[in-house]
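For reference, the structure discussed in these notes is given below.
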Amino acid sequence: MAPSKFSELSPTTYADALLGREQFMDMGIREMWPHIPRIAGPAYTVSCAPGDNLMLHAAIYRAEPGSIIVVKAGDIDYAMSGGNVYATAQKRGIVGFVIDGVIRDVAEVRELRFPVFARGAMPIPGKKQGSGSLQSTIICGGVQVDTGDIVVADEEGIAVIPAKQQETIWDMAKRRAEKDATQSLEEWEKNHRAKVERILQEIGFKG
């Protein structure tokens, strides 16, 4: 299955289908420009030491086209990347960045329409002293990410689908989406109310 196919469904649908809370990054990592498109692709993981961005800059030349570069930054005091890095990554076919850290040149990334999710902006750049790693297991936004895991990101949030479970999760999410698409609002309301009332009765609520 082509990893890009996962972009057909939103992180919300994956949450409804199967994935638990532990597979969704915390809400502090957000889209860096308005109306950002949904992206999906295999993760290429990067770990950077505090104040150092060398490994991210190396990753844009090593990640395969179609990849999403996922970064564990060492801090939020120094920017991981700027305009020329985004432009080069885009030219090389990288789908986007997900960074547990900060970036700079937000206007440029917006003009490029290159999808970047991060914790915010900081004008001060990091140094390049060689600390960090590529394609190792990282924690990004509170979620364990390995190279090859499928990342789905949009304005609703960021899901990480373990590589070994991708087909199972896709099938379940697709079925859930198809079910939702065929259900009318009236049917949903009827089922929803029955469920709510049943739970209220079970917990002894009166009102």
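What the sequence shown shows, in full-length UniProt numbering, is residues 1 to 207, in sequence order. Heads up, the beta-carbon is just placed ideally off N, CA and C, and yes, glycines get one too.
Bridge-paired residues (DSSP) for residue i
i, result
"T45", "V70"
"F24", "A159"
"Q144", "I139"
"P116", "It is worth fixing the name first, because residue 116 is Val in this sequence and not Pro. Its beta-bridge partners are F97."
"A79", "V102 and P125"
Limits of the alpha helix (DSSP H) - the one that residue i falls within
i, result
"residue 211", "In the structure displayed, the chain extends from 1 to 207; residue 211 sits before or after that span and is not available."
"Q135", "That residue, Q135, is in no alpha helix (DSSP H); it is neither H nor E in DSSP."
"residue 273", "Only positions 1 to 207 of the chain appear in this structure, which leaves residue 273 out of reach."
"A89", "G83 to K91"
"A59", "L54 to A59"
8 Å contact criterion, which residue i and residue j should meet: CB distance rounded
i, j, result
"A49", "S131", "3 Å"
"A73", "G101", "2 Å"
"T45", "I138", "5 Å"
"V95", "P115", "7 Å"
"A43", "D171", "Wrong, their Cβ atoms sit about 21 Å apart, outside the cutoff."
"S4", "R38", "At roughly 10 Å, the Cβ-Cβ gap does not stay under 8 Å, so S4 and R38 are not in contact."
"V98", "V151", "6 Å"
Extent of the continuous beta strand (DSSP E) run through residue i
i, result
"A2", "Note, A2: premise wrong, no beta strand (DSSP E); not H, not E."
"I124", "Here I124 belongs to no beta strand (DSSP E), and DSSP marks it neither H nor E."
"D100", "G96 to D100"
"I150", "I150 to D154"
Where residue i falls: helix, strand or coil (DSSP)
i, result
"E187", "helix"
"I39", "strand"
"E31", "strand"
"A107", "helix"
"A63", "coil"
"K195", "helix"
Check whether the segment 60-69 and the segment 164-171 are in contact - that is, three or more C-beta pairs closer than 8 Å.
Contact between the segment 60-69 and the segment 164-171 is absent, with fewer than three C-beta pairs closer than 8 Å.
Is the segment 142-159 touching the segment 78-92 in the sense that three or more CB pairs, one from each, lie closer than 8 Å?
No: fewer than three Cβ pairs fall under 8 Å.
Closer than 8 Å is the cut-off here; do at least three beta carbon pairs connect the segment 26-37 with the segment 192-207?
Judged by Cβ distances under 8 Å, the segment 26-37 makes no contact with the segment 192-207, as fewer than three pairs qualify.
Check whether the segment 103-111 touches the segment 83-92, counting contact only when three or more Cβ pairs, one atom from each stretch, lie closer than 8 Å.
Contact between the segment 103-111 and the segment 83-92 is present, because at least three Cβ pairs lie under 8 Å.
Is there contact between the segment 42-56 and the segment 168-184, where contact requires at least three CB pairs shorter than 8 Å?
These segments do not touch.
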